[in-house]
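A.B. asks:
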Amino acid sequence: MSARLAPLSALLAAVLAVTLLGPLRGDREDATDQPVDLLSASTNRPTPGSFRGYGFDQCLAPSQAKMDAWMEHSPFMAAGIYISGNSRACRDQPNLTATWVRNQLARGWRLLPITLGPQASCSTRYPKYGSRVDPVISADPTDGYARAKAQGKLEADRAVTVAKGLGIVPRSTLFYDLEAFDIGNGACKASAIRFVHAWTQRLHQLGYKSGFYSSAGSGIKMIDWVYQNYPETFALPDTLWIARWDGNANTSVSTDYLSSKAWLPGGRLKQYQGGHNETWGGVTINIDRNFLDLGTGMRVAGETHCGGVAVDLPAYLAIKMPTSTYTPPADRVKALQCLLTEKKLYAGTINGRYDLATRRAAYAWQRSRGFATNSTWGRRDWITLTTAGATPVLKYGSTGAYVRRVQRALSAAMPDRKVQVTGVYDAATAAHAGAYRRQVGMSSYNIVNTATWAKLQAGRF
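The following block contains the structure:
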């Protein structure tokens, strides 16, 4: 990455580097630190992984009942949790256990583990509990801010120890929370840079990814300055969590704070609204709101059925008995034959003919749903067939086979809306889901939760 700092003379640049950063040589590696073997296989997945959608963070990890209510009713699929650091407000986390973490990951939550330890030496809010309990980052320039680097390494070691105990596995991102400070204070800025460098370097050695949270005007602006001018000297975080309370649910930030292409694509999340109460499913929590755009975001792999039969139709219209003047559309019949084959109800050739064998399989499906058999395969039948199976909560940011299933069902239930089957729960899919819920007498949440699946699997339209 080339430097993009405003033009300075070579002398001024050298003076600035020494003043703010201290000696540069030797900061990229600490010879005594050796890579550590990764943890053995775990049932938990790395978190947060690739995801584009909404999240919240709250000081105290909510109870399981609250998390379940918010999964069912809120727009959020990611949650920030404070796992370590002596400067955090919620040092007692009675709900935060390995079981809690495993349960949230299994239910579809993306977790954002946060450490709030030593803060910048020029911060006006820290130490919070006294210098012996939560000391600030050392601004001593001796040996290139060696003490600040030692503090960053120690916090990384502590965070990984806690993360492992909670079942947060390697390749997960651990975020360091560095609250607002005066980046015009040279020694304060220089020591903070060294601290974040050591935090990042040590996490990488331990097999974890480095995340960095800070206000756009202080810590984020600081780390972008390093990105522009010293990317080969200091280890940079993998992900930036930008605190910018502008109310805009995106990862854009003014270039006054962050270069337009820095940590893009897939390396940013933004806290766009500060502390406030929200109520979902009858449960109120005081939260900050976030928007995440991480990794590959909403990209999803393709899907094949029955050796290449197209089951994603422009509209799932009725299939009627063939007559002398009517032949059921072959593509529609092939899709039906394929889906019934996957349900082990049809063993014939996928030939596009609505013949007796196909109708018998269709009757078997109708009976399995408690419907009266009917030679016309209609909207209700398409809805129930396409939604059969597991029913995870889906909302903006969900991807994969479950999303395709619900998109097919929404297309069958609302043919005029022309729902596209993409496997991505984007804004359009959210709008379709909200429209369906209103159509069947439900509240207008734009999510597919357990109650929504129940309506679909009953064939309601």
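With full-length UniProt numbering applied, the sequence shown corresponds to residues 1 to 461, in that order. Even glycine gets a Cβ: it sits at the ideal position worked out from N, Cα and C.
Looking at the structure shown, is Pro-35 part of a helix, part of a strand, or coil, going by DSSP?
C.D. replies: Any answer about Pro-35 is weak, because its pLDDT of 33 lies below 50 and its placement is not dependable; what the coordinates show is given next. Of the three classes helix, strand and coil, the one that applies to Pro-35 here is coil, per DSSP.
A.B. asks: Between the region 205-225 and the region 160-180, do at least 3 Cβ pairs fall closer than 8 angstroms?
C.D. replies: Contact between the region 205-225 and the region 160-180 is present, because at least three Cβ pairs lie under 8 angstroms.
A.B. asks: Leaving out five residues before and five after Thr-384 in sequence, what residues of the same chain have Cβ atoms less than 7 angstroms from its Cβ?
C.D. replies: Only Arg-369, Gln-457, Gly-459 meet the Cβ criterion.
A.B. asks: Among the residues of its own chain, which have a CB less than 6 angstroms from the CB of Asp-140, if the five just before and after it don't count?
C.D. replies: Within the same chain, Asp-140 has close Cβ partners Arg-147.
A.B. asks: Can you grab the Cα-Cα spacing for the pair Arg-380 / Pro-94, in whole Å?
C.D. replies: Rounded to the nearest angstrom, the two C-alpha atoms are 47 angstroms apart.
A.B. asks: Given 7 angstroms as the limit, tell me if Ala-139 has its C-beta closer than that to any heavy atom belonging to the ligand ZN.
C.D. replies: Looking for the ligand ZN in the displayed structure turns up nothing, as the structure carries no ligands at all.
A.B. asks: Could you tell me how far apart the beta carbons of Pro-170 and Gly-207 are, in whole angstroms, since I believe they sit closer than 8 angstroms?
C.D. replies: Contact flag correct, Cβ pair sits at about 4 angstroms.
A.B. asks: Let's test the definition: count the other Cβ atoms within 10 Å of the Cβ of Gly-167 and tell me whether it reaches 16, buried, or not, exposed.
C.D. replies: Per the 10 Å Cβ criterion, buried.
A.B. asks: Please list the segments of the alpha helix (DSSP H) lying wholly inside the region 181-256, counting only runs of 4 or more residues, in order along the chain.
C.D. replies: Within the region 181-256, the complete alpha helix (DSSP H) runs of at least 4 residues are 186-205, 221-229.
A.B. asks: Once the 5 residues before and after Thr-373 are set aside, which same chain residues still bring their CB inside 6 angstroms of it?
C.D. replies: Contacts found: Tyr-363, Gln-366.
A.B. asks: What does the Cβ neighbour count give for Ser-254, buried or exposed, with the cut at 16 atoms within 10 Å?
C.D. replies: When all chains shown are included, Ser-254 counts as exposed.
A.B. asks: Output the distance between the C-alpha atoms of Ile-81 and Ile-114, rounded to the nearest integer angstrom.
C.D. replies: Spanning the two alpha carbons is a distance of roughly 6 angstroms.
A.B. asks: Evaluate contact between the region 195-202 and the region 143-160, counting only Cβ atoms and requiring at least three cross-stretch pairs below 8 angstroms.
C.D. replies: Enough Cβ pairs lie closer than 8 angstroms, so yes.
A.B. asks: Mind checking who Pro-113 pairs with in its DSSP beta bridge?
C.D. replies: Looking at the DSSP assignment, Pro-113 forms a beta bridge with Ile-81.
A.B. asks: Mapping DSSP to helix, strand and coil, what is Gly-49?
C.D. replies: DSSP places Gly-49 in coil when its eight states are reduced to three.
A.B. asks: For Pro-23 and Pro-75, what's the separation of their Cα atoms in angstroms?
C.D. replies: Since pLDDT at Pro-23 reaches only 37, below the 50 mark, its modelled position is unreliable, and no value is offered.
A.B. asks: Between the alpha carbons of Thr-450 and Cys-306, how many angstroms are there, rounded?
C.D. replies: Straight-line Cα distance between these residues: approximately 29 angstroms.
A.B. asks: Check Leu-292 in the structure and name its three-state DSSP category.
C.D. replies: Of the three classes helix, strand and coil, the one that applies to Leu-292 here is strand, per DSSP.
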